[in-house]
Amino acid sequence: MSENAAGAVIVISSHVVRGSVGNRAAVFALETLGHPVWALPTIVLPWHPGHGRSTRLTFAEADFDAAIDDLIRAPWIGEVRAVLSGYFGNAAQARSVARLIAALRQTNSELLYVCDPVMGDLGGLYVPEATAEAIRDHLIPLASLATPNRYELAWLSGAALDDNSAIMEAALALGPSRMLVTSAVPMMAGGTGNLYLSGRHALLAEHRVVENPPNGLGDLLAAVFLSRLLSGLEDEKALQLATASVFEVLARAVKRGSNELMLASDASSLSTPMAMVQMRRLVHPAQRRKK
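Have a look at this one:
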């Protein structure tokens, strides 16, 4: 592991017994790329609910909050360099994680917090509205980087996002200094894109659409992009490599007919992806305002 990548990552999301979503995807990716990981599940499921009925094992709110207290007091807490959060089982968990981020930043002002607001897609919210509101109100304001899909960003911002200009304006208004929006509006026919916006960059990474994709792509992208940032890569290169990794893992899983991402078989795609990604530099909203 490179010196730049040294330091642990706390990953807080759902855990499935079978499959590659939530913590199963993020932890595997981060560890494959050389990061020590502290993994805290928010719920436990036998498999992704999209595969059929799945018993939901939950934690009492007080118990989850107590585990957050343990992490804050842990003698090894100085090892932590970043936190990645994803799916939450209830609104109280999001508030508990906000407390963790605030405590960690008291000792490490450079802590990188990635908020993947896992709350919905084209079909609308699939978490209770109270949970989505807690993510919006307590976690998004603390995020160094947020990674919503386009539909989550639309809900968070209360705006219709029909083109990439609207996506960028909504991303700027939401608050985090860096935003990575998946399911952005593609510029290439038959494609899909990841749109990244920071104070300096407006970038679109595109690849062809793969029909009927397995779940877990957003979880995987957030983890791989975080890893590339922690390794010290410039934003554009980090976006290119992370997008290529996720596209390659996806394409290989679908080619095999798998209903899950096959991370163990495709670990090399995380470290050394070969897939081609079309990179575009967009006009940053700040540049448009100067004209």
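Sequential numbering of the sequence shown, starting at 5, is according to this note's numbering. The beta-carbon is built from N, C-alpha and C at its ideal position, and this holds for glycine as well.
Query, Result
"According to DSSP, residues forming a beta bridge with residue 84", "12"
"C-beta atoms of residue 178 and residue 202 nearer than 8 Å", "no"
"Nearest to residue 20 (by Cα), restricted to the options 41, 43, 14, 47", "47"
"Segment limits, beta strand (DSSP E) that includes residue 187", "182 to 188"
"Endpoints, the beta strand (DSSP E) within which residue 279 is located", "Neither: residue 279 is in no beta strand (DSSP E) and is coded neither H nor E."
"Runs of beta strand (DSSP E) lying entirely within the stretch 93 to 149, each at least 3 residues, in chain order", "116 to 119"
"With 16 other Cβ atoms within 10 Å as the buried cut-off, status of residue 298", "Since the first and last residues shown for the chain are 5 and 295, residue 298 lies out of range."
"Own chain residues within Cβ distance below 8 Å of residue 144, not counting five before or after", "119, 121, 150, 160, 178, 179, 180"
"Bridge-paired residues (DSSP) for residue 211", "196"
"CA-to-CA distance, residue 43 to residue 117, given in whole angstroms", "15 Å"
"Option nearest residue 133 by Cα separation, candidates 166, 77, 92, 111", "92"
"Short Cβ contact (8 Å threshold) for residue 265 with residue 30", "no"
"For residue 58, the three-state DSSP class (helix, strand or coil)", "coil"
"Beta strand (DSSP E) segment containing residue 49, residue limits", "41 to 49"
"Alpha-carbon spacing of residue 224 relative to residue 45, whole angstroms", "16 Å"
"Rounded straight-line distance, which links the Cα of residue 100 to that of residue 73", "9 Å"
"Residue 75 in three-state terms, based on DSSP", "helix"
"Three-way DSSP call (helix, strand, coil) for residue 237 in this model", "coil"
"Same chain only: Cβ atoms within 8 Å of residue 84, ignoring 5 sequence neighbours per side", "11, 12, 13, 14, 42, 108, 112, 115"
"Which listed residue (206, 200, 18) has its alpha carbon closest to that of residue 153", "200"
"Same chain, Cβ closer than 6 Å to residue 227, neighbours up to 5 away in sequence not counted", "30, 33, 34"
"N- and C-terminal bounds of the alpha helix (DSSP H) containing residue 29", "27 to 36"
"Rounded straight-line distance, which links the Cα of residue 123 to that of residue 292", "31 Å"
"Beta-carbon spacing of residue 50, residue 59 below 8 Å", "yes"
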